[in-house]
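Enquirer: Numbering (my numbering), first residue to last: 329 to 686. Have a look at this one.
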Ligand code: NAP
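Have a look at this one:
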């Protein structure tokens, strides 16, 4: 068992970590931390009135005293590594994560602060497990033996990038995507965000840039201890907030250099599996990609929990009159898109020897 700390444990993503790690076979929540306003309270008191998960607060975590996430030394004494889901200004998050890494506490982060640091892997474990190879170069730069940072990409890309990845051999050149994103992605519930009812908001700050650029790092290559982003495909994204609790849906059109036949597309999705599936990691969904023949799906309410929220559901494949093919894809934004994807990343890093007990 590795001892885990959760930074930002009281927030939407932090709560999801706490829920997912209850009964995890490899990881045990040993410490939780948040802002100074929660520090010193029991975890149950700190999340009272804002626990947003469907199950109860895990008993083993409810009684832990919340620490101050900026007290790196106190956390470092208690844990083997941390998951980070604090909501702080970018520069402060970057500094905090680096302080943990330099204190020899590996960080698996949901935050965007280090996504473009060239020797920090940004991982979707089924797609770019080999990017963990840059960790040695990062440790060298930081002067650490075990400390390092690894990050998750933005939740918005987790539905369509897994669907396009098995199609790379057909040479996708242009991708147009519109995402329909749940309110938990903004740390909100219908109680805290009543204005979203009977409404959509066609703006999510910074989301379109992330949606267009982060896939290129995911599909990038490792060269001399750094990840060099891929030159293409070119991606155009529009990101819209919709009145859905959990689950980001993406409507996608793709043009290819060598447009596949429909059965080649379906076959590529059906046959795809990544290292998490091959290694049988505890949180790996099997299969990772589901295709639904029901033309009214995927729907967030019906499909977000596929594979315990770790799978991606694809549907509505049809020819596109402007591009070659179009389809719809869905993933659970706080499971696969955030905490669950980070837990799977940590499982992969443990399996590959990057995370170990002290
Ligand atoms: P949230 O619900 O607002 O939670 C924020 C957390 O950060 C809380 O635990 C809060 O502690 C803590 N925090 C705030 N200021 C802090 C400080 N100065 N020092 C230490 N801790 C501090 O936000 P969220 O939705 O969980 O998102 C957390 C991060 O994950 C954000 O960077 C977000 O962009 C990213 N993310 C979110 C999603 C998603 O689907 N929600 C997906 C991917 C990535 P208190 O409770 O004590 O204030």
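All C-beta atoms, glycine included, are put in the ideal place defined by N, C-alpha and C.
(1) How close, in whole Å, do the beta carbons of residue 671 and residue 349 come, if the pair is a contact with beta carbons under 8 Å?
(2) Buried or exposed: where does residue 549 fall if 16 or more other Cβ atoms within 10 Å of its Cβ makes it buried?
(3) Is residue 543 near ligand 1, judged by its Cβ being under 8 Å from some heavy atom?
(4) Please check the pair residue 512 and residue 574, which I expect to be a contact at CB under 8 Å, by giving their CB distance rounded to whole angstroms.
(5) Return yes when the C-beta of residue 572 is under 8 Å from any heavy atom of ligand 1, and no when it is not.
(6) Where do the N-terminal and C-terminal ends of the alpha helix (DSSP H) with residue 539 fall, by residue?
(7) Leaving out the 5 sequence neighbours to the left and right, which residues in its chain are closer than 7 Å to residue 662 when beta-carbon positions are compared?
(8) Quick check on residue 329: buried or exposed, where buried means 16 or more other Cβ atoms within 10 Å of its Cβ?
(9) Could you check what DSSP says for residue 454 in three-state terms: helix, strand or coil?
(10) When burial is assigned at 16 or more other CB atoms within 10 Å of the CB, is residue 530 buried or exposed?
(11) Evaluate residue 527 with the Cβ neighbour count: other Cβ atoms within 10 Å of its Cβ, from every protein chain shown; 16 or more gives buried, anything less gives exposed.
(12) Would you check if the distance between the CB atom of residue 637 and the CB atom of residue 618 is smaller than 9 Å?
(13) Taking the alpha carbon of residue 564 as the reference point, which residue from 581, 364, 571 and 590 has its own alpha carbon closest?
(14) With a 10 Å radius around its C-beta and 16 neighbouring C-beta atoms as the bar for buried, classify residue 420 as buried or exposed.
(15) For residue 392, which of helix, strand or coil comes out of DSSP?
(16) Run through DSSP, which three-state label would residue 509 get?
(17) Which two residues bound the contiguous beta strand (DSSP E) that contains residue 409?
Expert: So, to answer that:
(1) Reading the chain shown from its first residue, position 343 is the one you call residue 671. Reading the chain shown from its first residue, position 21 is the one you call residue 349. Residue 671 to residue 349, Cβ: 7 Å. Contact.
(2) Reading the chain shown from its first residue, position 221 is the one you call residue 549. So residue 549 counts as exposed.
(3) By 1-based counting over the chain shown, the position of residue 543 is 215. No, ligand 1 has no heavy atom inside 8 Å of this Cβ.
(4) Taking the chain shown and counting its residues from 1, the one referred to as residue 512 is at position 184. Taking the chain shown and counting its residues from 1, the one referred to as residue 574 is at position 246. With 8 Å as the limit, residue 512 and residue 574 qualify as a contact, their Cβ atoms being about 5 Å apart.
(5) In the chain shown, residue 572 corresponds to position 244, counting from 1. Residue 572 Cβ: outside cutoff for every heavy atom of ligand 1.
(6) Within the chain shown, the letter at position 211 stands for residue 539. Unbroken alpha helix (DSSP H) run through residue 539: 535-546.
(7) Locating residue 662 in the chain shown gives position 334, counting from the first residue. So the list reads 340, 341, 344, 512 and 574, once near-sequence residues are dropped.
(8) As a first step, residue 329 must be located in the chain shown, where it is residue number 1. Under this definition residue 329 is an exposed residue.
(9) Stepping through the chain shown from its first residue, residue 454 is reached at position 126. Helix.
(10) The sequence position of residue 530 within the chain shown is 202, counting from 1. Exposed, by the Cβ-count rule.
(11) The count along the chain shown starts at 1 and reaches residue 527 at position 199. Counting Cβ neighbours within 10 Å, residue 527 comes out exposed, since fewer than 16 surround it.
(12) Within the chain shown, numbered from 1, the residue matching residue 637 stands at position 309. Within the chain shown, numbered from 1, the residue matching residue 618 stands at position 290. No, the pair does not count as a contact, with Cβ atoms beyond the cut-off.
(13) As a working note, residue 564 is residue 236 in the chain shown. Of 581, 364, 571 and 590, the residue nearest in Cα terms is 581.
(14) Numbered from its first residue, the chain shown carries residue 420 at position 92. With fewer than 16 Cβ atoms within 10 Å of its Cβ, residue 420 is classed as exposed.
(15) Sequence index remark: in the chain shown, residue 392 carries index 64 (1-based). DSSP places residue 392 in coil when its eight states are reduced to three.
(16) The residue given as residue 509 occupies position 181 in the chain shown. If DSSP states are grouped into helix, strand and coil, residue 509 belongs with the strands.
(17) Along the chain shown, one-based indexing puts residue 409 at 81. That run of the beta strand (DSSP E) goes 409-412.
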